[in-house]
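Enquirer:
Protein chains: 2
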Amino acid sequence: MKNKDYFLKKAQDNYPVLKFTAITPDISDFTASSGDSFILDLAQHAVGHFSFSFDNVEKFIDAPVRLIIRFGEDMKEINSDFSLYNGNVSKTWLQEEILNLDYPQKVCMPRRYACRYIKITVDETNYPIKFFDFRFTAATSADISALIPCNTEDALLKKIDCVATNTLKNCMQTFFEDGPKRDRRLWTGDLRLEALTNYYTFNNSEIVKRCLYLFAAGECDRLGFLPSYVYETPYYKSGEAHIADYALLYVVTVCDYYEHTADICVVNDLLQICKSQLDSFEAVLDENMIVTMQEGWFAFIDWCPGLEKMTALQGVYLYTLERFSELLKTIGDEDFKKYSSLLTQVRSACKKYLYDENEKAFINESDNRQFSVHSQIWMILGGVINGKEAENLLLLCLDNKNAKQPVTPYMRHYVTEAMMKLGMKDNAVQYLKNLWGGMIELGADTFWEAYVPEDPDFSPYGDRNANSLCHAWSCTPSYFIRKYGF
Amino acid sequence: MKNKDYFLKKAQDNYPVLKFTAITPDISDFTASSGDSFILDLAQHAVGHFSFSFDNVEKFIDAPVRLIIRFGEDMKEINSDFSLYNGNVSKTWLQEEILNLDYPQKVCMPRRYACRYIKITVDETNYPIKFFDFRFTAATSADISALIPCNTEDALLKKIDCVATNTLKNCMQTFFEDGPKRDRRLWTGDLRLEALTNYYTFNNSEIVKRCLYLFAAGECDRLGFLPSYVYETPYYKSGEAHIADYALLYVVTVCDYYEHTADICVVNDLLQICKSQLDSFEAVLDENMIVTMQEGWFAFIDWCPGLEKMTALQGVYLYTLERFSELLKTIGDEDFKKYSSLLTQVRSACKKYLYDENEKAFINESDNRQFSVHSQIWMILGGVINGKEAENLLLLCLDNKNAKQPVTPYMRHYVTEAMMKLGMKDNAVQYLKNLWGGMIELGADTFWEAYVPEDPDFSPYGDRNANSLCHAWSCTPSYFIRKYGF
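As given, the protein sequences belong to chains X and L, one line each in that order.
Just so it is clear: in the first sequence, position 330 is 329 by numbering that gives the first Met the number 0, and no numbers are missing.
Just so it is clear: in the second sequence, position 450 is 449 by numbering that gives the first Met the number 0, and no numbers are missing.
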């Protein structure tokens, strides 16, 4: 079996080249005294480094100047009071620096930022100073010149596609980041959707390969599941979380990869790891073939508060089993029979134990009889119900105010996928226009990590300023629009 | 006549080489969580750049770390609450930075600091982090290996000499700075005392020459006086203040320079400027040969609050006239007669118009009849009174609680010089031991900008944290100890 060093070497071999573009903001220079501030607009969301110069105007400043420089993905972030931050993730994610500068100079800020707007506040200067030569050097590993054209005729879908590809582009750095503002990390769930959209847009298969190997080099937990994220900086480290649905979606990402590249070498390298993910999952099924909660376990599914996740997780398992047995069949691996047969068995068990015949929905004791869109969608994607029955359930749950609803474009991707699986293309187009178009109406330049139409400031972290407004898992409209000709 | 470009070229030709020394603090590593802080001690006052590394301990930090790094010249500064700062100079002089660091790394802080102590506070980290590889790279243009030994047998004087040479060393950078914490600028009054002490310690005449030329390149005010300071960064600029006593002391600095180097080329380059300083001063004398206040004028003399300065300023004029006519005589310049004769005239005028025969002191209307040490000392240094009469007055004023007293080692240098002029060596030694020794008793590693024994926190700027604790004008004990064999 291949080892960690081998996988890391492969990841390194596919390290992408970053491409840099200089962006000049709307304002070319500005003179300011103590207390003054001004906002630069890049006219687009970008990820990279900021530099500027300042000089004396008439009188020489005779003490250091103190500047407060804030980077905001939107104007709400620029104008909010960071001192009131009350989120449950670190306040250091808020992009603001305090700089003391001894004398007029060119300032090249060392950190990378994700922003459309830059607010410079002169906290203290003895005399007016003049700012000029603003430059934001944007970075991405996406090759813009390779972007496959989008053929939709619909103006809104065109706009959605454009924002979606920008979102992906800005998350494509030296790996697929979840969000360039926060956490800037490689997560499996995000990777799967980024990679999928990538095949239809920038089609950079090396970076997908690289990410697959980065996970392969990770350390599995006691149950055998891959880490859900890995650290790349300052050196490689396997992440501590082993989210069950993410471990399964790693296998799906490998299946997608083969489907789009036919690269059998990579599949051969990763096949054993994929099998062990499914085998590890099989080991936590009860005698009825239903997944049971394990100590220290966590499923993600969505950021929906209070969501019960066992049924959805079981659906992810089915979805993965189906994709993986297809892959095995395609490449001529005899194990496909074992996984196919398991798929059939587990599907039946789900209908028997997780479906409530009276309610005509997946409402069960596993999830404390909670009715969620998530359970219905994943059972549909898992093939437990089909056709008109599934279609009715899908529409019913989306329409039910009492059902737990998705709060992330991540979960809404799977809702849209379920619609497409059921042949509900019109519904899918409308759903996509409503949900992703809703963010555009609110001024989004890139798609957000979380979006609740009735509560646009909703945050999974207790504070909107912690939210990532350019989040890779929200880029999949480009996948749907391009793959299915929306 | 030579022009600005010529003088700047000469200044550039004498640009000093900085020498760097790595200082390792007392602590080699430290593990810290959010809210923790620790203090590094360099065991000496130093001027330069700080670097350190930090890394994860067990868990990877999964958000940027925020550090607050404070540099203090002493522990009082390290432990004080900067948010209460109430000084009348910019708060940006307080040496504290807030750093957001994305991941473990070696951090080389870009600014220069003056400090003995460094306090690192971990404002936010998700998991404990370990700090290590602390390094302070100290810079000076003083050549330590060239330091002339000090022959005093007295333990306290030895200690005072050591602290004084450290003070000078740390102010010797690419020019003679007044203080490396604040203002880090070339001022004439400071330059004169630094240059003087330099001849007896590091004896680097190039840096003196360089500073003389930097002023020569400056722009005189409407009255003909040189600027009192010049800016060197980011590019040369003549300062806006033209302090009267400082303009005169520039001439004295040229005299000192010739006395110690016999470098006639420099004197020839600067002679016309020197003459014009004295001629400009002559132009502001009234019909009695007494200086009159000019619009927009300012004399420094000392930071003593409420000090009346016209008599002292007149003394600086006499002192300068005497030194300059000696120089002219030495180099065979016939103008010496004009300045000598002026000196005699003005001395008589001072005795007649500024001395109160009843009070037996220089108390007069020019200074609203204020009795100050400053007036007495400068009249003595100006040679208006001599011998026992001067000695009695000197002792009397220093002993008089109602007299305005010096608050800076700068003014106390001239008190000591006056004692030596009057042959009061024992008093001078005792004065020096009391005043500079007093700072050492309070833990000084370098001598302070201001020091009032009864009020050690006295600040000319309304807040002790604005004070410079390594101030060049306080380095002259090494001059006295070494020149006069204290």
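All residues carry an ideal CB built from backbone N, CA and C; glycine is no exception.
Since the structure is predicted, the reported quantities are computational estimates derived from the model, not experimental observations.
Going by beta-carbon coordinates alone, are residue 6/L and residue 216/L separated by less than 8 Å?
Expert: Result yes, Cβ atoms of residue 6/L and residue 216/L sit closer than 8 Å.
Enquirer: Which class does residue 181/L belong to by DSSP, given the choice of helix, strand or coil?
Expert: Coil at residue 181/L, not helix or strand.
Enquirer: Please check the pair residue 199/X and residue 411/X, which I expect to be a contact at CB under 8 Å, by giving their CB distance rounded to whole angstroms.
Expert: About 18 Å separates the two Cβ atoms, so there is no contact after all.
Enquirer: Are the beta-carbon atoms of residue 98/L and residue 68/L separated by less than 8 Å?
Expert: Result yes, Cβ atoms of residue 98/L and residue 68/L sit closer than 8 Å.
Enquirer: From the DSSP output, read off the bridge partner residues of residue 99/X.
Expert: The partner list for residue 99/X (beta bridge, DSSP) reads 65/X.
Enquirer: Residue 118/L lies in the beta strand (DSSP E); which residues open and close that run?
Expert: Here the beta strand (DSSP E) through residue 118/L covers 112-123.
Enquirer: Does the distance from the CB of residue 23/X to the CB of residue 133/X come in under 8 Å?
Expert: Yes; because the gap between Cβ atoms is below 8 Å, this pair is in contact.
Enquirer: Please report the distance separating the alpha-carbon of residue 95/L from that of residue 70/L.
Expert: Whole-angstrom Cα-Cα distance: 6 Å.
Enquirer: Residue 169/X touches chain L at which residues, Cβ-Cβ below 9 Å?
Expert: Within 9 Å Cβ-Cβ: nothing; residue 169/X doesn't reach chain L, min ~17 Å.
Enquirer: Could you tell me if residue 464/L is buried or exposed, where buried requires 16 or more neighbouring beta carbons within 10 angstroms of its beta carbon?
Expert: Under this definition residue 464/L is a buried residue.
Enquirer: Residue 90/L: buried (16+ other C-beta within 10 angstroms of its C-beta) or exposed?
Expert: Burial call: buried.
Enquirer: Please state the DSSP three-state secondary structure of residue 161/X.
Expert: Residue state, collapsed to three classes: helix.
Enquirer: Report the CB separation of residue 208/X from residue 265/X in whole angstroms; it is logged as a contact under 8 Å.
Expert: At roughly 6 Å, the Cβ-Cβ gap stays under 8 Å, so residue 208/X and residue 265/X are in contact.
Enquirer: I'd like to know if the stretch 369-386 of chain X and the stretch 308-316 of chain X are in contact, where contact means that at least 3 CB-CB pairs between them fall below 8 Å.
Expert: Judged by Cβ distances under 8 Å, the stretch 369-386 of chain X makes contact with the stretch 308-316 of chain X, as three or more pairs qualify.
Enquirer: With DSSP collapsed to three states, give me the class of residue 378/L.
Expert: Note: residue 378/L maps to helix in three-state DSSP.
Enquirer: One question on the structure: do residue 183/X and residue 193/X come within less than 8 Å of each other, judged by their Cβ atoms?
Expert: For residue 183/X and residue 193/X, no; Cβs fall outside 8 Å.
Enquirer: Keeping to the same chain, check which residues put their C-beta closer than 8 Å to that of residue 401/L; ignore five residues upstream and five downstream.
Expert: Only 370 meet the Cβ criterion.
Enquirer: By Cβ distance, which residues of its chain are closer than 8 Å to residue 213/X, with the 5 residues on each side in sequence left out?
Expert: Excluding positions up to five away in sequence, the list reads 6, 7, 10, 174, 185, 229, 231, 235.
Enquirer: How would you call residue 375/L, buried or exposed, if buried means at least 16 neighbouring beta carbons within 10 angstroms?
Expert: So residue 375/L counts as buried.
Enquirer: How big is the Cα-Cα spacing for residue 180/L and residue 210/L?
Expert: Cα to Cα, residue 180/L sits roughly 19 Å from residue 210/L.
Enquirer: Which residues in chain L have a C-beta closer than 7 Å to the C-beta of residue 91/X? List them in chain order.
Expert: Residues of chain L passing the Cβ test: 62, 63, 64, 65, 99, 123.
Enquirer: Expressed to the nearest angstrom, what Euclidean distance is found between the alpha-carbon atoms of residue 365/L and residue 18/L?
Expert: If I take the Cα positions, the gap works out to 48 Å.
Enquirer: Near residue 72/L, what residues of its chain come up, given a Cβ to Cβ distance below 7 Å and the 5 sequence neighbours on each side ignored?
Expert: Excluding positions up to five away in sequence, the list reads 44, 113, 114, 115, 180, 468, 469.
Enquirer: Provide the residue span of the beta strand (DSSP E) that contains residue 475/X, from first to last.
Expert: No beta strand (DSSP E) holds residue 475/X; DSSP gives it neither H nor E.
Enquirer: For residue 104/L, which residues in chain X fall below 8 Å Cβ to Cβ?
Expert: The answer, in chain order, is 233.
Enquirer: Could you pull out every residue in the same chain whose Cβ sits closer than 8 Å to the Cβ of residue 103/L, ignoring the five residues on either side in sequence?
Expert: Once the five neighbours on either side are set aside, the close Cβ partners of residue 103/L are 52, 53, 54, 55, 60, 128.
Enquirer: Using three-state DSSP, classify residue 55/X as helix, strand or coil.
Expert: Three-state result, residue 55/X: strand.
Enquirer: If you reduce the DSSP assignment to three classes, tell me which class residue 516/X lands in.
Expert: A query on residue 516/X cannot be resolved here, the shown segment of chain X reaching from 0 to 485 and no further.
Enquirer: Just to make sure I have the definition right: I need the residues of chain L whose C-beta is within less than 7 Å of the C-beta of residue 448/X. Which are they?
Expert: Ordered by position in chain L, no residue passes the 7 Å Cβ test against residue 448/X, which lies about 15 Å from the chain.
Enquirer: Tell whether a beta-carbon distance below 8 Å holds between residue 449/X and residue 458/X.
Expert: Their beta carbons are under 8 Å apart, which means residue 449/X touches residue 458/X by this criterion.
Enquirer: Return the CA-CA distance between residue 492/L and residue 191/L, expressed in angstroms with no decimal places.
Expert: Nothing about residue 492/L can be read from this structure; chain L reaches only from 0 to 485.
Enquirer: Near residue 362/L, what residues of its chain come up, given a Cβ to Cβ distance below 6 Å and the 5 sequence neighbours on each side ignored?
Expert: Cβ neighbours of residue 362/L beyond the five flanking positions: 355, 368, 370.
Enquirer: If we count the other Cβ atoms within 10 Å of its Cβ and call it buried at 16 or more, is residue 145/L buried or exposed?
Expert: Its Cβ having fewer than 16 others within 10 Å, residue 145/L is exposed.
Enquirer: Measuring alpha carbon to alpha carbon, tell me which of 74/L, 29/L, 119/L, 42/L ends up nearest residue 36/L.
Expert: The option with the nearest alpha carbon to residue 36/L is 119/L.
Enquirer: Beta-carbon of residue 80/L versus every beta-carbon of chain X: anything under 8 Å?
Expert: For residue 80/L, the answer is no, since every Cβ of chain X falls outside 8 Å of its Cβ.
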